[in-house]
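This report refers to the structure that appears directly beneath it.
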Amino acid sequence: MKSGTCVWILVLWGALVLGSTATSPPNILIIYADDLGYGEVKALNPERCKLDTPAIDSLVRDGMVFTDGHSSSAVCTPSRYSMLTGRYSWRSKLQKGVLNPWGENLVKPERITMPELIKTKGYLTAAIGKWHLGWDWQKRGGKWVFDEPVRGGPVDHGYDYYFGPDVPDFPPFAWIENDRLTAQPTVDSEPDPRGGRGGPLVPGWDPEAMLSTMADKAAEYLEARAADHKPFFLYFGLTSPHTPIVPSKNWKGKSGMGTYCDFVLETDHTVGCILQALEKTGLDKNTLVFFSSDNGCSSGPSKSRQLAKEYGHYTSANLRGHKGSNYEGGTRVPFIVRWPGVVPAGSTCNRTVCQIDYMATAVDVLGIEMPDDAGVDSSSFLPLLKDPEAASPRESLILHNYYGEFSFRQNQYKLILAPGNGQGFGGEPSNAEAINRGDPMVQLYNLEADLAETENLAGQQPERVQHMTERLLREINAGRTRPGKPQPNDVEIDAYKKHLHKGKK
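Numbering-wise (my numbering), the sequence shown opens with residue 1 and increments by one.
Here it is, written out as structure tokens:
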């Protein structure tokens, strides 16, 4: 009798545990690659990707792929700002490009962030890896101060814990834990030929160890959360395959296609380490995983044209453009979500979504009410996670290139307020080249019929161009796109960037 009673108690206890796992709010993990193009994931580009990416492919197999998923910008800092705040970055003072070394923090203290909202549900929050949203570095006697806390970083914007190198190719070359450097950068280094600026560096600094060090920290964090049974939000910002191109010893030569491709393989391996840590701790079954990249592949460091010519490897798949670009290769990125028991495994969704929507989706999942002045451009795609055929959460999407030029998506149509690709970032063609050959000053594409953006319809559909332009301007001037009280932009917005649109004499 005792034995049978024990069996039934165990069965009932197991059912209760499984039931609570299925119904309790999930942990949330964002894995964010740096410059990984849509075509660099084998499962997304099976015919034209010549690399094996088993870890990311496993997310595709077990989760949902958004084939029309975007970063909000074609470059780094703006995408990260939008993801953190649910607000378009061009509403801030940063109107083009990225923050430079020693740049001050871009996120105002009063700006509500995603981790701040998630913490209201009792979650622990952590960021490990690349930050690139600025710090409030101080100087003493004309020299940067490294022996005092540095404000303005992740722990001042909702994260309980931070560990990372800030930006892998910017000084100081040191690990930062919370708001302090773990060692003093006493060496004045020269620029790294593998893609890094010179500046203060910690003795013995090894950029080849960045990925493994961050992965180990993430594994430690997950083990701690498994031990204390506290729900968590972890943002893991990969530093790869961005410059410096520094595959570690075990990965050099693995691809047979050059150092950059070796680094992509190690990037996938690092993703695998995080997923294995989730599985090992048993946290995988109740963790919502978002995987994406801050923008498309960078054509220079990757030597993308050479890879295509020599190996038939296309970093942007069938898309036009790369990082920094007005075209789809700049912002249409790997966008995968895994949530066991909720997201149908191996599913695909063709609705338009953006990383700016992570914030609204996360608070929707956790049942948090979004304040009116938070996440002003963020829309929840939670319904799509349960049913990929559900109605799209957004009819429009505003995108931005390296030079601050605007693109505007409305359903399948895309309007670009520029004659070319930008000022030569990634070519295909530059604005000046487009003007000199007589191209229209705006571009309109039907992405449903022409995903490669080969036929400019602006001359054929002037009324659509006018309608979309007017709506874009309304959304810019309203200070928000999510329903609510109009909000101010931080600066006056120049939508047309006409100073960039000049031909070569």
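Note that the Cβ used here is the ideal one computed from N, Cα and C, for glycine as well.
Q.
Please list the terminal residues of the continuous beta strand (DSSP E) segment that includes residue 398.
A. Here residue 398 refers to the residue found at position 398 when the sequence shown is read from its first residue. Residue 398 -> beta strand (DSSP E) spans 396-400.
Q.
Counting only beta-carbon separations shorter than 9 Å, does residue 64 have a partner in chain E?
A. Of the chains in the structure shown, none is chain E; there is only one protein chain.
Q) Within the chosen definition, does the stretch 205-217 reach the stretch 101-114 through at least 3 CB pairs nearer than 8 Å? A) no
**Q.** Bridge-paired residues (DSSP) for residue 139
**A.** Position 139 of the sequence shown, counting from 1, holds the residue named residue 139. Note: residue 139 sits in a beta bridge opposite 144.
Q.
At the level of alpha carbons, what is the spacing between residue 179 and residue 156?
A. Your numbering for residue 179 matches position 179 in the sequence shown. Your numbering for residue 156 matches position 156 in the sequence shown. When rounded, the distance between both Cα atoms is 9 Å.
Q.
What residue range does the alpha helix (DSSP H) around residue 467 cover?
A. As a working note, residue 467 is residue 467 in the sequence shown. That run of the alpha helix (DSSP H) goes 462-477.
Q: Consult DSSP for residue 85 and reduce its assignment to one of helix, strand or coil.
A: Here residue 85 refers to the residue found at position 85 when the sequence shown is read from its first residue. Correct three-state label for residue 85: helix.
Q: With DSSP collapsed to three states, give me the class of residue 200.
A: One-based indexing of the sequence shown puts residue 200 at position 200. Residue 200 falls in the strand class under three-state DSSP.
Q. Expressed to the nearest angstrom, what Euclidean distance is found between the alpha-carbon atoms of residue 493 and residue 238?
A. Within the sequence shown, residue 493 is the residue found at index 493, counting from 1. Within the sequence shown, residue 238 is the residue found at index 238, counting from 1. C-alpha separation (whole angstroms): 31 Å.
Q) How many whole angstroms separate the CB atoms of residue 294 and residue 71, which I take to be in contact at a CB cut-off of 8 Å? A) On the sequence shown, residue 294 is found 294 positions in, with the first residue counted as 1. On the sequence shown, residue 71 is found 71 positions in, with the first residue counted as 1. With a Cβ gap of about 6 Å, residue 294 and residue 71 count as contacting.
Q | Close Cβ partners of residue 187 (< 6 Å) along its chain, the five nearest in sequence each way excluded | A | Here residue 187 refers to the residue found at position 187 of the sequence shown. Cβ within range, chain order: 201 and 203.
Q: Please go through the same chain and pick out, in chain order, the residues whose beta-carbon is closer than 7 Å to the beta-carbon of residue 279, but skip the five residues on each side of it.
A: Counted from its first residue, the sequence shown places residue 279 at position 279. If we look at residue 279 and ignore the five residues flanking it on each side, it has no Cβ neighbours.
Q) Using the C-alpha atoms, what's the distance from residue 366 back to residue 244? A) For the purposes of this step, residue 244 is taken as residue 244 along the sequence shown, with counting starting at 1. For the purposes of this step, residue 366 is taken as residue 366 along the sequence shown, with counting starting at 1. Going by the C-alpha atoms only, they are around 37 Å apart.
Q: Pull up the DSSP beta-bridge partners for residue 27, would you.
A: Counting from 1 along the sequence shown, the entry for residue 27 is found at position 27. Its beta-bridge partners are 287.
Q: Run the CB neighbour count on residue 289, radius 10 Å, all protein chains shown included, and call it buried at 16 or more, exposed below.
A: Here residue 289 corresponds to residue number 289 of the sequence shown, with the count starting at 1. The residue in question, residue 289, is buried, as its Cβ has 16 or more Cβ neighbours within 10 Å.
Q) If you scan the stretch 85-124 from start to end, which runs of the alpha helix (DSSP H) of 4 or more residues do you find wholly inside it? A) 114-119
**Q.** Helix, strand or coil at residue 67 [DSSP, three-state]
**A.** Mapped onto the sequence shown, residue 67 falls at position 67. Note: residue 67 maps to strand in three-state DSSP.
Q: Leaving out five residues on either side along the sequence, give the residues of the same chain with a beta carbon under 7 Å from the beta carbon of residue 154.
A: Here the question's residue 154 lines up with position 154 in the sequence shown. Contacts found: 127, 131 and 162.
Q | Exposed unless 16 or more other CB atoms sit within 10 angstroms - verdict on residue 284 | A | Numbered from 1 along the sequence shown, position 284 holds the residue referred to as residue 284. Classification for residue 284: buried.
**Q.** Straight-line gap, residue 383 to residue 341 (C-alpha atoms, nearest Å)
**A.** Your numbering for residue 383 matches position 383 in the sequence shown. Your numbering for residue 341 matches position 341 in the sequence shown. Between residue 383 and residue 341, the C-alpha separation is close to 14 Å.
Q) Unbroken alpha helix (DSSP H) runs of length 4 or more, entirely within the stretch 363-448: which are they? A) 382-386 and 431-436
Q: Flag this pair as touching only if the stretch 401-412 and the stretch 384-391 have three or more C-beta atom pairs under 8 Å; answer yes or no.
A: no
Q.
Tell me whether the stretch 62-77 and the stretch 348-362 touch, counting them as touching only if at least three CB pairs, one residue from each stretch, are closer than 8 Å.
A. yes
Q: Have a look at residue 20 and residue 226 and give me their C-alpha separation to the nearest angstrom.
A: Numbered from 1 along the sequence shown, position 20 holds the residue referred to as residue 20. Numbered from 1 along the sequence shown, position 226 holds the residue referred to as residue 226. Low confidence applies here, because residue 20 scores a pLDDT of 37, under 50, leaving its location unreliable; read the following figure in that light. Rounded to whole angstroms, residue 20 to residue 226 spans 15 Å at the Cα level.
Q. Whole alpha helix (DSSP H) runs in the stretch 324-367 with 4 or more residues, listed along the chain?
A. 328-331 and 358-366
Q: Leaving out five residues on either side along the sequence, give the residues of the same chain with a beta carbon under 6 Å from the beta carbon of residue 485.
A: As a position in the sequence shown, residue 485 is number 485, starting the count at 1. Excluding residues within five positions, the ones whose Cβ falls inside 6 Å are 372.
Q: Give the DSSP-derived three-state secondary structure of residue 498 in the structure shown.
A: Position 498 of the sequence shown holds residue 498. Helix, per DSSP.
Q.
If you reduce the DSSP assignment to three classes, tell me which class residue 126 lands in.
A. As a working mapping, residue 126 is identified with position 126 in the sequence shown. Residue state, collapsed to three classes: strand.
Q: Can you give me the Cβ contacts of residue 7 inside the same chain, cut-off strictly under 7 Å, excluding the 5 residues immediately before and after it?
A: On the sequence shown, residue 7 is found 7 positions in, with the first residue counted as 1. Low per-residue confidence applies at residue 7: pLDDT is 37, beneath 50, and the placement is therefore not dependable, though the value from the model is reported in the following sentence. Contacts found: none.
Q.
So, for residue 254: in the same chain, excluding its five sequence neighbours on each side, which residues have a beta-carbon less than 7 Å away from its beta-carbon?
A. By 1-based counting over the sequence shown, the position of residue 254 is 254. Counting only Cβ-Cβ distances below 7 Å, and skipping sequence neighbours, we find 262 and 265.
(Q) On the criterion of 16 or more Cβ atoms from any shown chain inside 10 Å, does residue 499 qualify as buried, or is it exposed? (A) Along the sequence shown, read from residue 1 onward, the residue named residue 499 stands at position 499. Label assigned to residue 499: exposed.
Q.
What does the alpha-carbon distance come out to for the pair residue 443 and residue 88?
A. Position 443 of the sequence shown, counted from the start, is the residue given in the question as residue 443. Position 88 of the sequence shown, counted from the start, is the residue given in the question as residue 88. Their Cα atoms are separated by approximately 22 Å.
Q | Cα-Cα separation, residue 199 to residue 221 | A | Stepping through the sequence shown from its first residue, residue 199 is reached at position 199. Stepping through the sequence shown from its first residue, residue 221 is reached at position 221. Spanning the two alpha carbons is a distance of roughly 30 Å.
Q) What are the start and end residues of each continuous beta strand (DSSP E) run of 3 or more residues lying completely inside the stretch 204-238, in chain order? A) 232-237
Q: Would you kindly report the start and end of the unbroken beta strand (DSSP E) that includes residue 302?
A: Counting from 1 along the sequence shown, the entry for residue 302 is found at position 302. Residue 302 -> not in any beta strand (DSSP E); alpha helix (DSSP H) instead, spanning 299-302.
Q) Thinking just about the alpha-carbon of each residue, which of 182, 116, 125 and 422 is nearest to the one in residue 146? A) Residue mapping note: residue 146 aligns to position 146 of the sequence shown, counting from 1. Closest by alpha carbon: 182.
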